[in-house]
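Protein chains in written order, with the working numbering: chain A, 1182 to 1287; chain B, 1182 to 1287. Worksheet: one structure, shown below.
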């Protein structure tokens, strides 16, 4: 299994609507990707590692798929619709990473 | 529920032993933290978001706890033992972030 992490840097003055992201954008992604998205998770940044440090990312999602190929098959054709919705919740440019899920839950 | 993400930047020449991390370090963390760690997950970076882009993080773990307080109670007293094990798998300095789990799995 792989996960695609979309991580929005916590820039001063940046706009990020956590409610829209949770209630509208991510359900839209899941709905468009169908079975290619096995499931997804959403995080809201609270803090960094040290006392008083800000979170590196203000918000993140992680999209879990069987393989990179199944992600691309589910996401690719829907990318224009998904991308067009981004301005509705943020003006931040995300960092995107694909990872192998080495330990799913233990 | 909160998650503590420990993310190791994918620096050229950096050392990261994925097998040790999965088989020794993370089980040690779980064992020392006891019930304060509800569960954890481990990722191995495969790629970035664009064609040919490297992953931002070579490895990550996410430690799930009921609250920041329960994480601190479980991790704090064991920090010296956990920190002392880091040199066994990496010479990279991780980025640490605490997040609220907004959507656990959907």
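Heads up, the beta-carbon is just placed ideally off N, CA and C, and yes, glycines get one too.
Hey, is residue i's beta-carbon within less than 7 Å of any beta-carbon in chain A?
i	result
residue 1227 of chain B	yes
If we define contact as Cβ-Cβ less than 7 Å, is residue i a contact residue for chain B?
i	result
residue 1237 of chain A	yes
residue 1222 of chain A	yes
residue 1210 of chain A	no
What does residue i touch in chain A if you count any residue whose Cβ is under 7 Å from its own?
i	result
residue 1196 of chain B	Here the premise fails: no neighbours, minimum Cβ distance about 17 Å.
Quick one: which chain B residues come within Cβ less than 7 Å of residue i?
i	result
residue 1253 of chain A	Per Cβ cutoff of 7 Å: no residues; residue 1253 of chain A is ~11 Å from chain B at best.
residue 1250 of chain A	Within 7 Å Cβ-Cβ: nothing; residue 1250 of chain A doesn't reach chain B, min ~12 Å.
residue 1184 of chain A	1224
I'd like to know whether the C-beta atoms of residue i and residue j end up nearer to each other than 7 Å.
i	j	result
residue 1184 of chain A	residue 1249 of chain A	no
residue 1202 of chain B	residue 1220 of chain B	no
residue 1242 of chain A	residue 1207 of chain A	yes
residue 1288 of chain B	residue 1263 of chain B	Lying before the first or after the last residue shown, residue 1288 of chain B is absent from chain B, which here runs from 1182 to 1287.
residue 1237 of chain A	residue 1278 of chain B	yes
Quick one: what does DSSP say residue i is sitting in, helix, strand or coil?
i	result
residue 1236 of chain A	coil
residue 1268 of chain B	coil
residue 1262 of chain A	helix
residue 1224 of chain A	strand
residue 1285 of chain A	coil
residue 1208 of chain B	helix
residue 1186 of chain A	strand
residue 1280 of chain B	strand
residue 1229 of chain B	strand
Using a Cβ cut-off of 9 Å, pull out every chain B residue sitting near residue i, in sequence order please.
i	result
residue 1280 of chain A	1224, 1225, 1226, 1227, 1228, 1236, 1238, 1240 and 1241
Which residues in chain B have a C-beta closer than 8 Å to the C-beta of residue i? List them in chain order.
i	result
residue 1207 of chain A	1284 and 1287
Using a cut-off of 8 Å between C-beta atoms, extract the partners of residue i located in chain A.
i	result
residue 1192 of chain B	Those within 8 Å of residue 1192 of chain B in chain A number zero; the least Cβ separation is about 15 Å.
residue 1274 of chain B	Near residue 1274 of chain B there are no residues of chain A at all, since even the closest Cβ is about 10 Å away, more than 8 Å.
> Taking one C-beta from the segment 1219-1231 of chain A and one from the segment 1253-1265 of chain A each time, how about it: are there three or more such pairs within less than 8 Å?
Replying inline: no
> Would you say the segment 1195-1206 of chain A touches the segment 1270-1282 of chain A, given that touching needs at least three Cβ pairs under 8 Å?
Replying inline: yes
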